[in-house]
Structure formats: structure tokens, C-alpha cells
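In my numbering, the protein residues as written are 1 to 440. In what follows, a single structure is set out as C-alpha cells and then discussed.
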Amino acid sequence: MERFDTIVVGAGVAGLTAARLLTAAGRRVVVLEARDRVGGRVSTDRRFGLVTDMGASWIHGITDSPVAAAADALGMRTVEFTVGGYQPDSRPIAYYSPDARRLTDAEARAFADDIRAVDVALRHAIEESARDASYRDVTEVALAAQGWPEERAQRVREYLEHRSEEQYGAWIGDLAAHGLDDDAIEGDEVVFPDGYDMLPRQLVDGLDVRLVHVVSRVQWSGEGVVVTTDHGPFAADSAIVTVPVGVLRSDDFAIEPPLPEPNAGALGRLGMNAFEKVFLRFPTKFWDDGVYAIRQQGTEGRWWHSWYDLTALHGVPTLLTFAAGPAAEATRDWSEDDIAASVLDQLRRLYGERVEAPTSVHVTDWQDDPWSRGSYAYMTLGASTADHDDLATPIGGVLHLAGEATWTDDPATVPAAMLSGHRAAEHVLGKAVPIRNAWS
């Protein structure tokens, strides 16, 4: 049995960050990864000469972001695209009414002002909410406080439903009242024209990473850890487990003895979402010029309500939309052609016969990925924001959990993954180390 100082389970950004910091501190580290590549949910497809980020795409706010600092130091090109946080405006957005009429600038501003008014009331509603309240519950309180006619309230209600789905891939009634407490963007948002996977592909340099090593069990005690894989067991003084919540909660991944409190309770209150990307590339650009996004209101937008113009990344006319929450679950077994046809039906409501057949379609499949079982974690009813950090509480002085779900301030993001890997490495070392050591 091979023995190391520390075993890291998972070669995503959290695991690679922790492994680099520990290796830089002189520890003997091995990273065990089930996939045949590094990056985890940072995954870039390069079929047909196109660069498509199938998992993480954005840095949601570059101010004080460690990922932005790493990307800059590693020479990764970025393009500003500040609309990934489902903002009501901030950048030009083409809004369409339920009858497929584009809103005037004045109407779009009034709609954005309505959203901001509800958000002000929403903060108080969340603060006063019961422990088991849903995001639907608190948004209804905030909407009722406005005293608006039903039609006006319904437009904002739809927006809040879509925000819940696009931010956390969950139906608004299934998301905890505090589930969007972190919904803030500090600075511009950026995307990566050369692919987000350039980050993990550079972080892996110099590390001992064993790909296609499927971990099924992590045993821990006061004497250390033993990790069972399909290539045999590995032993170490400590382990950092960075697998997603969907894997942690599955029957195919065992931690023995079982997680204690507060880790176990926190894990039980976090769920894995349903959130898929749909990329459509076209021969020509038929949609509005000078906008970052297109959004439609009304019942026709129940599934397909928002499209993002990615043309600037590569010069190829490209729209990105999301199958999120109920839409992702309903279309889980659909073919790419069926999903594309459904999306195109809605685009034709807005643009008519100008909508051509796409030259290529990419649809992700994170729900059926055995190494993630969803896209990222969200807070179920009864959860609190503290559950993220509680999940990362060190266990027995030898076992540490990391990953996007274990970081309270900005979960479900690559910066959260990186920061959680940094924290886990510091816990193993018993001292502070600069996070920049992970890439410098």
C-alpha cells in the first residue's frame, strides 16, 4: 500500500489548489481523480474547433477574486461579460413582453426598478423568515408589500422564479429563504475565450495526479486515513475530500466512520441541483445588436426565457441558454435535437423566420455525470448559510472536506472551490500560507 503525507480526493480546482499548497510546503501528496482529466466541473469542449465551457464559465466579479488573480498570473485571456449573475440591467438587455413585443427602454427601466423595489423588501422578509421558509415564501411577502396590480406583480414574480433557477438550478419553492444571500457581484464579470480549463491544466503542473482512480471509501481514525480505489488502497496521515455534494450523498462513496456533526447535518441540508447549458451556434446573427442578453416574459418563458450572446468570444454567432431546475429535470432524457427544437420555438416567437437552423448544438449532461450528479450545490428548506462552512469542519484532525459547497461567502463558484482548498491546506499544515502560492 502506497503511503503519503496527504491524499487529495478529486482533481478539481479545490483539490488542485490544496495539493499545490501542500506540495509547496514540502508534503508528499497524491491526488486521486475518477475522471480521465483534471478540472472536475471546470470542463472545456473543443469539438469542431470551437471552445465551449460546459461547466464553469464566469468569474462572477473579479474584485478581490483569487481566480482572477490566478488567471492574470497564468496569462489566461478574459472577455468582460457582466450579466452572469442574472442582473435586471447593469448591461444592455433586450426584454420582450408576454406578447413578444420588445419593451421600450423606458419600460425596461421601470421593470428593473420594480425588481429593485422588491429586492429591498426581500431583505427584510428573509431576515424575519422561519427556519424552514422557502425562497418562494419570502418573495411572496416582498411582492405583497408593494400593493401592485396582479399583472405587474406577476412579471416580477416570474423574474424571481427565473433568478432562483439560473443562480441555483432549483425551483423557487425548493430553495431555502437564505439560498440567495450570496447573490452579489463585486466588479465586472469575465469569461474565458480560450477555455476555463486552462486554469486546472496549469495548476496540475508538478503534481502527482492519478487519473481514472475511482475512490469508493475513505476510512479515518486518529492514526490517519485509508482510501480505497479501484486501483487498490492508499494510506496517509490526512486526507482532503473535494468531491461534489452529489457524490458525498451517494451510496457509491462511503466515509467510515460516518460523518459526525456538524458535518453530517450540514450535508443533509444541501442538495445537488439540475442545471444544464444549451449552446446554439448559427450561420448568421439574427438577434438584437448591442445587447448582452435577451429575456422574454410570460408563460411562454417558463423554460426558455433568457439567452446570452457569446458571439464576442470567438466571432461565431452563438446563443447560450439554460435548462434550469424544472426544465432540466423535464428534458433530462431528451435528445439534443429535441431540446434545440424547443428552444428555437421560443426564439421564433421573438424573431420569426429570421431564426435559422443552428450549425451546432451542445447540451451538457451534469445530472447523469457519475462524478458530480448535478452541477453544484444549493440550500434546501431548513438549511442556513452556516451549513456551507459547517460541512468543512475538520474531522478527527485527519479528514477535511473542501469544494464549492463548503464555502459560505460565495458558494457554487470556482473562487469558492479555490478558497476552500486553500483553507483545507492551512488546516492540514496548521498554519497560514498565502493563497498565491498555489499559482506563483
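Beta carbons: idealized from backbone N, C-alpha and C, even for Gly.
Quick check: the Cα distance between residue i and residue j, rounded to an integer number of angstroms?
i, j, result
"residue 59", "residue 420", "16 Å"
"residue 332", "residue 365", "8 Å"
"residue 256", "residue 68", "37 Å"
"residue 400", "residue 426", "11 Å"
"residue 163", "residue 212", "36 Å"
"residue 78", "residue 268", "37 Å"
"residue 153", "residue 286", "31 Å"
"residue 438", "residue 345", "46 Å"
"residue 260", "residue 191", "39 Å"
"residue 105", "residue 90", "13 Å"
"residue 72", "residue 244", "27 Å"
"residue 84", "residue 223", "45 Å"
"residue 87", "residue 335", "31 Å"
"residue 10", "residue 241", "7 Å"
"residue 343", "residue 304", "6 Å"
"residue 406", "residue 386", "9 Å"
"residue 291", "residue 316", "16 Å"
"residue 314", "residue 200", "22 Å"
"residue 395", "residue 65", "28 Å"
"residue 236", "residue 397", "13 Å"
"residue 171", "residue 422", "32 Å"
"residue 289", "residue 309", "10 Å"
"residue 122", "residue 113", "14 Å"
"residue 384", "residue 126", "11 Å"
"residue 53", "residue 42", "7 Å"
"residue 22", "residue 428", "8 Å"
"residue 100", "residue 353", "14 Å"
"residue 380", "residue 160", "17 Å"
"residue 76", "residue 150", "48 Å"
"residue 221", "residue 254", "14 Å"
"residue 169", "residue 94", "23 Å"
"residue 25", "residue 330", "48 Å"
"residue 339", "residue 272", "22 Å"
"residue 35", "residue 107", "48 Å"
Can you find a CB in chain D that lies within less than 8 Å of the CB of residue i?
i, result
"residue 242", "Checking the listed chains, one finds no chain D in this structure; it contains a single protein chain."
Applying the criterion that 16 or more other CB atoms from any shown protein chain within 10 Å of the CB defines a buried residue, is residue i buried or exposed?
i, result
"residue 63", "exposed"
"residue 1", "exposed"
"residue 431", "exposed"
"residue 232", "exposed"
"residue 80", "exposed"
"residue 283", "exposed"
"residue 17", "buried"
"residue 375", "buried"
"residue 124", "exposed"
"residue 392", "buried"
"residue 322", "buried"
"residue 182", "buried"
"residue 57", "buried"
"residue 415", "buried"
"residue 216", "exposed"
"residue 341", "exposed"
"residue 370", "exposed"
"residue 142", "buried"
"residue 390", "buried"
"residue 48", "exposed"
"residue 266", "buried"
"residue 440", "exposed"
"residue 410", "buried"
"residue 446", "In the structure as shown, the chain begins at 1 and stops at 440. Residue 446 is therefore absent and cannot be evaluated."
"residue 295", "buried"
Sort out for me which residues DSSP pairs residue i with in a bridge.
i, result
"residue 176", "134"
"residue 308", "293, 320"
"residue 79", "191"
"residue 62", "DSSP lists no partner for residue 62."
"residue 53", "44"
"residue 93", "293"
"residue 32", "9, 210"
"residue 379", "270"
"residue 467", "Lying outside 1 to 440, the shown extent of the chain, residue 467 is not represented and no answer is given."
"residue 215", "229"
List the whole-angstrom C-beta distance separating residue i from residue j, where the pair is believed to meet the contact cut-off of C-beta under 8 Å.
i, j, result
"residue 196", "residue 408", "The pair is not a contact, with the Cβ atoms about 23 Å apart (cut-off 8 Å)."
"residue 377", "residue 324", "Not a contact, Cβ separation roughly 15 Å."
"residue 297", "residue 97", "6 Å"
"residue 349", "residue 276", "That pair is no contact at about 22 Å."
"residue 218", "residue 239", "6 Å"
"residue 157", "residue 111", "At roughly 12 Å, the Cβ-Cβ gap does not stay under 8 Å, so residue 157 and residue 111 are not in contact."
"residue 12", "residue 417", "6 Å"
"residue 7", "residue 227", "5 Å"
- Counting Cβ pairs, one atom from each stretch, are 3 or more of them under 8 Å apart for the region 128-141 and the region 170-180? Yes: at least three Cβ pairs fall under 8 Å.
- Task: Mind the definition here: the region 199-213 touches the region 27-43 only if three or more C-beta pairs lie below 8 Å; say whether that holds.
- Result: Counting Cβ pairs under 8 Å, three or more are found: they touch.
- Query: On the three-pair Cβ rule with 8 Å, is the region 345-362 touching the region 273-282?
  - Reply: Yes, since at least three Cβ pairs between the region 345-362 and the region 273-282 fall closer than 8 Å, the two stretches touch.
- Inter-stretch contact at 8 Å, needing at least 3 Cβ pairs: the region 138-151 / the region 102-120: A contact exists between the region 138-151 and the region 102-120.
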